[in-house]
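Chemist: Residue numbers (the numbering used here), protein chains in the order written: chain V, 44 to 475; chain A, 9 to 194.
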């Protein structure tokens, strides 16, 4: 029976010849990731259910990455890190990227790939909805809650319902004024925030294969914003090379069958697409940038797992190279690796870091999730009043960035940078 | 699991996301500490915009200031309830605030799974726009076995969707209890 890429991965991990949408199967888990928000709760359930002296099923396959509330004076948030540290020591978990240590990385979804924990053909679960990011490497990756994560910690297995696959094909090469964020915001706007609930979203076509691995991560990251179970892109040479550079662990890529059955296929022509935003207060509240241009903004924000990667800052720096920010603009590198490269990568001989500084942008010294999800009141860049913010983050439901009185627009790093320069929402085609 | 749930309705609209259910800044309290745990109840649904908090009129607090429990134990909502993050704190917060059942047109996938796996409340689905008819404060009775919701204040009756396979997990109390009963775990 022909299968999609998602079906093939689940079949292999369920030790079956084939699976079909709707089947409930128990799968072996390759990697379980948890972080500071959901890790302590997961550990508590693990101890309660498997006993105080229980050991995790495989200490090599558990990855713990504190990233959400790291640089805060909040005592409860700091206690969460202590709980993770104690657990990592007790269990001998070496893939623990501890805050304040040279091993600290930053945002889990970006750190996972930088450290080689995302591998084609594998199954990755994480206690964060944006775990679907890792689908960019041709693996089945999805978010779960604490109870499911505790179950995996003890058993290395989880049951999943095999999702039907929705396929999205992008024809043509991506033009210089569009970014991955535009592509995924187009899709979410078209199908709605529940348009892919219980389904796999597979992205394909020349427009996707032409993208860098980082940009592919941005697309898969936001599958959850359409309710998707996972986002996935078939692994090509680019993705395989990226992974091989970062891990010695062997992996076997899988590919969907040519005659696989998709629940739906939607084709986009790159030349017909324009820069878009998601207006407040939902990621599916789509508008073309030119329809909302001129809207006053108080703040611009470039950061997060979906908008704080090196490529995102390269794009923004292209605009800040010759233009200063007119409104308060915040930049938060997703990982320490990205933070380091801001000071190394150059445009016309000037580092990105210097370009941003000269443009009057506030750069966080600490890689983390920062204001993407609000967090404690002392979080860098957090909204606190009725600000209008345009952001490269992935979610703009009421209160998401810290204040339910605020309004958040989601957009590509190019659109956010262009808007920072004008002080109003601006089409990046005026600069690119 | 109760066979009959009685109480008062709190009515919400479509796409109630997990940040509205429990804002991220509150995800730091310990669930094993009795006093800290109560804070999840206190801030349950605290980020729903005021005009949409308790429909149709809005501006009704789900949990009053300086209290930890809600006077409403049944939530009625539209589609895609619990969209957004994977935080299990969301169904836990509703549970701590005293929610026994949510009746929505549909649920976000991870949230639904969290609700069932932890047995935090009964997530009923309904294929009618009941949230447009019910009023916050209405007296509600749900017959869990028969899958019938009665709005006693409006003298209306609705058929709920069958719980299907998840009923066994909800009756067991959690995915762990269920797995033990089925012999999957010792």
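Here a beta-carbon is modelled for each residue, glycine too, at the ideal position from N, C-alpha and C.
(1) Within 9 Å of any Cβ in chain V, is that where the Cβ of residue 187 of chain A sits?
(2) Against chain V, which members of the region 9–39 of chain A pass a CB distance test of less than 7 Å?
(3) At 9 Å on the CB atoms, spell out the chain D contacts of residue 59 of chain A, in chain order.
(4) Could you give the residue range of the beta strand (DSSP E) that holds residue 189 of chain V?
(5) For the 8 Å Cβ check, are there 3 or more pairs between the region 219–239 of chain V and the region 181–198 of chain V?
(6) In or out: residue 245 of chain A buried (at least 16 other Cβ within 10 Å) or exposed?
(7) Tell me the rounded alpha-carbon separation between residue 102 of chain V and residue 57 of chain V.
(8) Judging by CA-CA distance, which residue of V:343, V:118, V:139 is the nearest neighbour of residue 44 of chain A?
(9) Near residue 301 of chain V, what residues of its chain come up, given a Cβ to Cβ distance below 8 Å and the 5 sequence neighbours on each side ignored?
(10) Could you tell me the boundaries of the beta strand (DSSP E) in which residue 450 of chain V lies?
(11) So if I threshold CB-CB distances at 7 Å, which residues from the region 103–127 of chain A count as touching chain V?
(12) Can you check whether the C-beta of residue 125 of chain V is within less than 9 Å of a C-beta belonging to chain A?
(13) Do residue 255 of chain V and residue 272 of chain V have their C-beta atoms within less than 9 Å of each other?
(14) What residues in its chain sit with their C-beta under 8 Å from that of residue 59 of chain A, if we drop five residues either side in the sequence?
(15) Starting from the C-beta of residue 375 of chain V, find all residues in its chain whose C-beta is less than 6 Å away, skip the five residues before and the five after it, and write them out in chain order.
(16) What are the boundary residues of the alpha helix (DSSP H) that includes residue 71 of chain V?
(17) Helix, strand or coil: how does DSSP classify residue 397 of chain V here?
(18) What does a CB cutoff of less than 8 Å around residue 81 of chain A pick up in its chain, not counting 5 residues either side in sequence?
(19) In or out: residue 85 of chain A buried (at least 16 other Cβ within 10 Å) or exposed?
(20) With burial defined as no fewer than 16 other Cβ atoms inside 10 Å of the residue's Cβ, what is the status of residue 64 of chain A: buried or exposed?
(21) From what residue to what residue does the beta strand (DSSP E) around residue 210 of chain V run?
(22) Identify which residue in V:381, V:458, V:392, V:290 has its Cα closest to the Cα of residue 335 of chain V.
(23) Counting only C-beta atoms, is residue 184 of chain A closer than 9 Å to chain V at any point?
(24) Quick one: list the residues of chain V neighbouring residue 43 of chain A, beta-carbon separation under 8 Å, in chain order.
(25) Relative to the C-alpha of residue 142 of chain V, which residue among V:258, V:322, V:339, V:410 is closest?
Modeler: Taking the coordinates as given:
(1) yes
(2) 23, 25, 27, 28, 31, 32, 33, 35, 36, 37, 39
(3) The displayed structure is made up of protein chains V and A, and chain D is not among them.
(4) Taken as a continuous stretch (DSSP letters only), residue 189 of chain V belongs to no beta strand (DSSP E), being part of the alpha helix (DSSP H) at 189–198.
(5) no
(6) No answer is possible for residue 245 of chain A: the residues shown for chain A start at 9 and end at 194.
(7) 21 Å
(8) Nearest of V:343, V:118, V:139 to residue 44 of chain A, Cα basis: V:118.
(9) Closer than 8 Å at the Cβ level, and outside the excluded window around residue 301 of chain V, lie 45.
(10) 450–453
(11) 114, 116, 117, 118, 121, 122, 125, 126
(12) No, residue 125 of chain V lies away from the interface with chain A (no Cβ there is under 9 Å from its Cβ).
(13) no
(14) So the qualifying residues of the chain are 66, 67.
(15) 346, 351, 407, 413
(16) Unbroken run through residue 71 of chain V is the beta strand (DSSP E), 67–71; no alpha helix (DSSP H).
(17) helix
(18) 13, 15, 16, 106, 107, 108, 109
(19) buried
(20) exposed
(21) 208–214
(22) For residue 335 of chain V, the nearest C-alpha among the options comes from V:458.
(23) yes
(24) Simply none; closest approach about 12 Å.
(25) V:410
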